[in-house]
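Peer 1: In my numbering, the protein residues as written are 11 to 151.
#1: Do residue 41 and residue 20 have their C-beta atoms within less than 8 Å of each other?
#2: Helix, strand or coil: how does DSSP classify residue 76 here?
#3: Compute the beta-carbon to beta-carbon distance between residue 87 and residue 60, rounded to the nearest angstrom, for a pair I have assumed lies under 8 Å.
#4: How is the alpha helix (DSSP H) around residue 43 delimited, first residue to last?
#5: Taking the straight line between their C-alpha atoms, what separation do you get for residue 92 and residue 124?
#6: Taking the alpha-carbon of residue 137 as reference, which of 90, 128, 56, 144 has the nearest alpha-carbon?
#7: Are the CB atoms of residue 54 and residue 68 within a distance shorter than 8 Å?
#8: Give me whichever residues DSSP pairs with residue 133 in a beta bridge.
#9: Shortest alpha-carbon distance to residue 32 belongs to which of 18, 50, 44, 62?
#10: Hey, out of 144, 97, 74, whose CA is closest to residue 84's CA?
#11: I'd like the span of the alpha helix (DSSP H) that includes residue 65, first residue to last.
In structure tokens, the structure reads:
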């Protein structure tokens with residue numbers, strides 16, 4: 011399921027002070043409800059998220075629309091699919107390690123390749139160029 015900010019029936023405006031992530035989660039849930047109603051309730055809709063707050067908030071909001079974590083999805087719908095469970099465990103372990111490394115790097119997601127002084131000197135000397143990367147209003151990924 012995806013949310014479509016250009017389709018009136020599935021669009022929700024962003025609330026003042028609402029984070030982009032929370033707005034996107036709320037919009038995806040709204041689109042899930044739209045799909046459920048579009049199919050006249052004949053088919054349940056499952057929204058998979060790792061946002062525990064969303065699971066608590068939307069999990070029992072609409073009958074026929076299930077909001078669950080990926081682990082619960084695998085456990086309940088694919089309990090015998092060992093490769094998927096192993097992959098999830100690997101991803102979660104990698105995520106924990108990355109978060110741990112991120113805290114060690116003073117909150118930076120990635121370690122610096124070069125010190126800022128070296129980059130600035132390289133820009134001044136023409137070794138590097140500095141550009142502005144235009145980004146869409148909302149995350150493109």
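The beta carbon of each residue, even a glycine, is placed where N, CA and C say it ideally should be.
Peer 2: Inspection of the coordinates gives the following:
#1: The residue labelled residue 41 in the question sits at position 31 within the chain shown. The residue labelled residue 20 in the question sits at position 10 within the chain shown. Closer than 8 Å, so yes.
#2: For this step, residue 76 is matched to residue 66 along the chain shown. Correct three-state label for residue 76: strand.
#3: One-based indexing of the chain shown puts residue 87 at position 77. One-based indexing of the chain shown puts residue 60 at position 50. Actually they are not in contact, since the Cβ atoms of residue 87 and residue 60 sit about 16 Å apart, beyond 8 Å.
#4: Your numbering for residue 43 matches position 33 in the chain shown. Where residue 43 is concerned, the enclosing alpha helix (DSSP H) stretches over 30-48.
#5: Mapped onto the chain shown, residue 92 falls at position 82. Mapped onto the chain shown, residue 124 falls at position 114. About 42 Å.
#6: By one-based count along the chain shown, residue 137 stands at place 127. When only C-alpha atoms are compared, the closest one is 128.
#7: As a first step, residue 68 is located in the chain shown; it is residue number 58 there, counting from the start. As a first step, residue 54 is located in the chain shown; it is residue number 44 there, counting from the start. Their beta carbons are not under 8 Å apart, which means residue 68 does not touch residue 54 by this criterion.
#8: The residue labelled residue 133 in the question sits at position 123 within the chain shown. DSSP lists no bridge partner for residue 133.
#9: In the chain shown, residue 32 corresponds to position 22, counting from 1. Selected option, being the one with the closest Cα: 62.
#10: Position 74 of the chain shown holds residue 84. Comparing Cα positions, the closest option is 97.
#11: Here residue 65 refers to the residue found at position 55 of the chain shown. In the DSSP assignment, residue 65 falls within the unbroken alpha helix (DSSP H) covering 62-68.
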